[in-house]
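Asker: In this note's numbering, the protein residues as written are 12 to 118. For every residue, glycine included, the Cβ atom is placed at its ideal position computed from N, Cα and C. Just so you know, these numbers come straight off a predicted model, no measurement behind them. One structure is given below, represented as structure tokens, and several questions about it will come after.
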């Protein structure tokens with residue numbers, strides 16, 4: 012993945028479908044860098060998605076949709092679907108656990 016727009020901090024790739032050029036990422040997001048603190052979010056990105064000055068701008072998804080996406084990917088990993096790495100999905104789920112959701116860093 013090339014350079015990511017600066018609204019995302021410490022992004023990680025939970026899933027990448029090379030055939031479709033599709034990514035599910037997670038990390039801290041600060042909309043337009045205007046918030047006092049960043050929030051833990053899930054983002055979606057397609058290789059053919061428009062770039063801003065050649066910088067990736069993943070779409071942020073609401074928390075409930077993000078949880079559904081991770082649940083579906085976990086099911087795919089459990090069924091050993093090609094290209095889905097179980098540890099990547101478990102790491103993403105762990106990232107959003109309540110005990111790991113202390114106040115986000117002030118940026």
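#1: Could you tell me whether the Cβ atoms of residue 55 and residue 69 are closer together than 8 Å?
#2: When you compare the CB positions of residue 19 and residue 38, do they come within less than 8 Å of one another, or not?
#3: With distances taken from CA atoms, which of 30, 86, 80 and 21 is nearest residue 51?
#4: Within the stretch 51-116, note down every full beta strand (DSSP E) run reaching 3 residues or more, in order along the chain.
#5: Mark residue 117 as exposed unless 16 or more other C-beta atoms lie within 10 angstroms of its C-beta, in which case mark it buried.
#6: Select from 45, 59, 106 and 23 the residue whose C-alpha is nearest the C-alpha of residue 78.
#7: Look at the alpha carbon of residue 103 and the alpha carbon of residue 33, and state the distance between them as a whole number of angstroms.
#8: Closest by CA to residue 26, which one among 45, 48 and 100?
#9: Give every residue of the same chain whose Cβ lies closer than 7 Å to the Cβ of residue 28, excluding the five residues on either side of it in the sequence, and list them in chain order.
Answerer: Working from what's here:
#1: As a position in the chain shown, residue 55 is number 44, starting the count at 1. As a position in the chain shown, residue 69 is number 58, starting the count at 1. Contact flag set, yes.
#2: In the chain shown, residue 19 corresponds to position 8, counting from 1. In the chain shown, residue 38 corresponds to position 27, counting from 1. In contact: residue 19 and residue 38 (Cβ atoms closer than 8 Å).
#3: Indexing the chain shown from 1 puts residue 51 at position 40. With distances taken between Cα atoms, residue 51 lies closest to 21.
#4: 70-72
#5: On the chain shown, residue 117 is found 106 positions in, with the first residue counted as 1. Model confidence at residue 117 stands at a pLDDT of 35, short of 50, so the residue's coordinates are unreliable; what they give is reported in the following sentence. Under this definition residue 117 is an exposed residue.
#6: Numbered from its first residue, the chain shown carries residue 78 at position 67. Ranking the options by Cα distance to residue 78, first place goes to 106.
#7: For the purposes of this step, residue 103 is taken as residue 92 along the chain shown, with counting starting at 1. For the purposes of this step, residue 33 is taken as residue 22 along the chain shown, with counting starting at 1. When rounded, the distance between both Cα atoms is 16 Å.
#8: In the chain shown, counting from the first residue as 1, residue 26 sits at position 15. Taking only the C-alpha atoms, the option nearest residue 26 is 100.
#9: Your numbering for residue 28 matches position 17 in the chain shown. The answer, listed in chain order, is 94.
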